[in-house]
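Enquirer: Below is one structure. I have some questions about it.
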Amino acid sequence: MKRKGFTLVEIMIVVAIIALLAAIAIPNLLSAKRTANDAAAKATVRSLSTAAEVSATANNGAYPADLAGLTKFISSAATYCPAGTGVQGYNYTCTYGASGYTYTATPTTPGTSGSKLFSITTGGVLTETAKES
Numbered sequence: 612m613k614r615k616g617f618t619l620v621e622i623m624i625v626v627a628i629i630a631l632l633a634a635i636a637i638p639n640l641l642s643a644k645r646t647a648n649d650a651a652a653k654a655t656v657r658s659l660s661t662a663a664e665v666s667a668t669a670n671n672g673a674y675p676a677d678l679a680g681l682t683k684f685i686s687s688a689a690t691y692c693p694a695g696t697g698v699q700g701y702n703y704t705c706t707y708g709a710s711g712y713t714y715t716a717t718p719t720t721p722g723t724s725g726s727k728l729f730s731i732t733t734g735g736v737l738t739e740t741a742k743e744s
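The following block contains the structure:
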């Protein structure tokens, strides 16, 4: 009589191999997610800055004084600029003024959701600061 199926030892070996592969792959996936969040935050602050500069150009050098003024030029600003808003692992802070602006992206969980702090000021000057936990 032939028996079909796997022995307990064979199943345990397969489970051990799967666990080993998962232990190797999961940290790489988390690192890729953190890198993607960093890139998205950098692109977001650049987009907000570009919209503010376009606004200043259209309004004889006056920058948007508030969120409403900025959303005329970039509708997604309402997603990022309310204080404490967390989007893709980053919190955004938007400061407005007739003579300039500052947009900042800070990781919600430094080292996990993002690894850098991005800040852009009037004229589109972007600064990156490592923000490890």
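For the sequence shown, my numbering gives the first residue as 612, with consecutive numbering after it. By construction, the Cβ of each residue, glycine as well, lies at the ideal position given by its N, Cα and C atoms.
(1) With a 10 Å radius around its C-beta and 16 neighbouring C-beta atoms as the bar for buried, classify G700 as buried or exposed.
(2) Identify the residues that DSSP records as bridge partners of C705: which are they?
(3) By DSSP, does P721 sit in helix, in strand, or in coil?
(4) Mapping DSSP to helix, strand and coil, what is K683?
(5) Count the C-beta pairs between the stretch 700-714 and the stretch 655-662 that are closer than 8 Å, then say yes if the count reaches three, no if not.
(6) Following the continuous alpha helix (DSSP H) through T668, name the residue where it begins and the one where it ends.
(7) So what does DSSP say about T733, is it helix, strand or coil?
Expert: With the given structure in hand:
(1) Its Cβ being crowded by 16 or more others within 10 Å, G700 is buried.
(2) Y714.
(3) In this structure, P721 counts as strand in the three-state DSSP scheme.
(4) Note: K683 maps to coil in three-state DSSP.
(5) The stretch 700-714 makes contact with the stretch 655-662; the number of CB pairs closer than 8 Å reaches 3 or more.
(6) Element bounds for T668: 619-669.
(7) If DSSP states are grouped into helix, strand and coil, T733 belongs with coil.
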